[in-house]
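Asker: In the numbering used here, the protein residues as written are 25 to 266.
First, the structure itself, so that you have it in front of you.
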């Protein structure tokens with residue numbers, strides 16, 4: 025019984041709730057298509073909506089930012105345009121709710137037996153940061169992290185160092201990362217290259233338990249992520265169902 029937890033749930037299934045031009049990640053289509061090709065039961069996809077509302081348009085940042093990393097001294101580079109203080113972050117509570125409440129409750133209702141080796145998390149941009157951060161604090165509950173267009177620009181190289189160096193390196197975890205070349209993604213190159221080198225230093229093995237990809241002519245939006253969503257999903261499923 026495999027489970028995929030997805031951040032920014034508004035953008036996962038239904039274009040009517042999508043926050044960007046009615047486009048979705050097309051994750052449902054991807055898991056069904058790839059599962060059929062592999063001859064396995066499709067994984068359950070649990071889409072967690074972000075908390076943004078007109079009254080609190082910064083809720084998403086508060087819940088997806090890697091809380092302990094920022095509380096421990098990594099400065100937010102763009103703090104002059106982000107009206108949020110470190111004390112307002114609640115990323116730890118957000119992740120705790122996912123793993124202590126949402127995941128077991130939904131798994132029980134679907135009669136799914138949860139196993140870390142068959143559980144993955146996926147996110148883009150701030151969701152990519154939260155996905156990697158989740159592996160540092162809940163790595164005993166899921167073993168695969170899929171981080172697309174990770175928003176390293178939030179804290180620059182200090183953020184890369186702090187987050188990558190906290191990742192588990194016991195050989196049980198698989199990590200996929202990607203970036204595009206347009207829009208916000210164009211700024212990620214130096215940070216992602218540094219993250220890649222740190223991953224090797226931590227003992228992760230390219231194309232075995234770690235993959236990093238550059239998708240040219242893609243940017244920072246659902247249309248771009250949907251264009252290559254099969255790649256991270258396949259990375260996960262092929263290592264889960266060998």
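Cβ coordinates follow ideal geometry from the N, Cα and C atoms, glycine included.
Straight-line CA distance for residue 83 to residue 124?
Answerer: Working through the chain shown from its first residue, we reach residue 83 at position 59. Working through the chain shown from its first residue, we reach residue 124 at position 100. Looking at the two C-alpha atoms, the distance is approximately 20 Å.
Asker: What does a CB cutoff of less than 7 Å around residue 214 pick up in its chain, not counting 5 residues either side in sequence?
Answerer: As a position in the chain shown, residue 214 is number 190, starting the count at 1. For residue 214, where only same-chain residues beyond five positions count, there are no Cβ hits under 7 Å.
Asker: Please classify residue 46: is it buried, with 16 or more other beta-carbons within 10 angstroms of its beta-carbon, or exposed?
Answerer: The residue you call residue 46 lines up with position 22 of the chain shown. When all chains shown are included, residue 46 counts as exposed.
Asker: Measuring alpha carbon to alpha carbon, tell me which of 191, 32, 25 and 187 ends up nearest residue 43.
Answerer: For the purposes of this step, residue 43 is taken as residue 19 along the chain shown, with counting starting at 1. Nearest C-alpha to residue 43: 32.
Asker: Would you check if the distance between the CB atom of residue 197 and the CB atom of residue 162 is smaller than 8 Å?
Answerer: Walking along the chain shown from the start, residue 197 turns up at place 173. Walking along the chain shown from the start, residue 162 turns up at place 138. Taking 8 Å as the Cβ cut-off, residue 197 and residue 162 do not qualify as a contacting pair.
Asker: Can you tell which of 153, 41 and 122 has the C-alpha that lies nearest to the C-alpha of residue 201?
Answerer: Within the chain shown, the letter at position 177 stands for residue 201. Residue 201 has its Cα closest to that of 153, out of 153, 41 and 122.
Asker: Taking the straight line between their C-alpha atoms, what separation do you get for residue 51 and residue 108?
Answerer: Locating residue 51 in the chain shown gives position 27, where the first residue counts as 1. Locating residue 108 in the chain shown gives position 84, where the first residue counts as 1. The straight-line gap from Cα to Cα measures roughly 31 Å.
Asker: Look up residue 236 in the DSSP assignment and give the residues it is bridged to.
Answerer: Walking along the chain shown from the start, residue 236 turns up at place 212. DSSP, once it has assigned bridges, lists 201 as partnering residue 236.
Asker: With three or more beta-carbon pairs closer than 8 Å as the criterion, would you say the segment 121–137 touches the segment 232–251?
Answerer: Contact fails: fewer than three Cβ-Cβ distances are below 8 Å.
Asker: On a Cα-Cα basis, can you pick out the residue from 117, 119, 96 and 120 that is closest to residue 110?
Answerer: Taking the first residue of the chain shown as position 1, residue 110 is located at position 86. The option with the nearest alpha carbon to residue 110 is 96.
Asker: At what residues does the beta strand (DSSP E) containing residue 69 begin and finish?
Answerer: For the purposes of this step, residue 69 is identified with residue 45 of the chain shown, where counting begins at 1. 68–71 is the extent of the beta strand (DSSP E) around residue 69.
Asker: Could you give the distance in angstroms between the alpha-carbon of residue 68 and the alpha-carbon of residue 57?
Answerer: As a working note, residue 68 is residue 44 in the chain shown. As a working note, residue 57 is residue 33 in the chain shown. In a straight line, the C-alpha of residue 68 is about 14 Å away from that of residue 57.
Asker: Compute the Euclidean distance between the alpha carbons of residue 28 and residue 73, then round it to the nearest angstrom.
Answerer: Translated into positions along the chain shown, residue 28 becomes position 4. Translated into positions along the chain shown, residue 73 becomes position 49. Going by the C-alpha atoms only, they are around 14 Å apart.
Asker: For the beta strand (DSSP E) holding residue 280, just list the boundary residues, first then last.
Answerer: An answer regarding residue 280 cannot be provided, because it is not within the stretch 25 to 266 covered by the chain.
Asker: Round the Cβ separation of residue 248 and residue 204 to the nearest angstrom and send it over; I've been treating them as touching at under 8 Å.
Answerer: Here residue 248 refers to the residue found at position 224 when the chain shown is read from its first residue. Here residue 204 refers to the residue found at position 180 when the chain shown is read from its first residue. Right, their Cβ atoms sit about 6 Å apart.
Asker: Need the endpoints of the beta strand (DSSP E) that residue 171 sits in, please.
Answerer: Position 147 of the chain shown, counted from the first residue, corresponds to residue 171. Start and end: 168–172.
Asker: Rounded to whole angstroms, what's the CA-CA distance from residue 87 to residue 207? Just pull it up for me.
Answerer: Position 63 of the chain shown, counted from the start, is the residue given in the question as residue 87. Position 183 of the chain shown, counted from the start, is the residue given in the question as residue 207. Residue 87 and residue 207: Cα-Cα distance of roughly 24 Å.
Asker: Quick one: measure Cβ to Cβ for residue 222 and residue 189, integer angstroms, because I've assumed they're closer than 8 Å.
Answerer: By 1-based counting over the chain shown, the position of residue 222 is 198. By 1-based counting over the chain shown, the position of residue 189 is 165. Between residue 189 and residue 222 the Cβ distance is about 7 Å, and since that is below 8 Å, they are a contact.
Asker: What is the DSSP secondary structure of residue 161, reduced to helix, strand or coil?
Answerer: Here residue 161 refers to the residue found at position 137 when the chain shown is read from its first residue. The answer is helix: DSSP assigns residue 161 an H, G or I state.
Asker: Would you give the residue range spanned by the alpha helix (DSSP H) that residue 257 belongs to?
Answerer: As a position in the chain shown, residue 257 is number 233, starting the count at 1. Residues 254–264.
Asker: Cβ atoms of residue 169 and residue 199: under 8 Å apart, would you say?
Answerer: Translated into positions along the chain shown, residue 199 becomes position 175. Translated into positions along the chain shown, residue 169 becomes position 145. Yes. Within cutoff.
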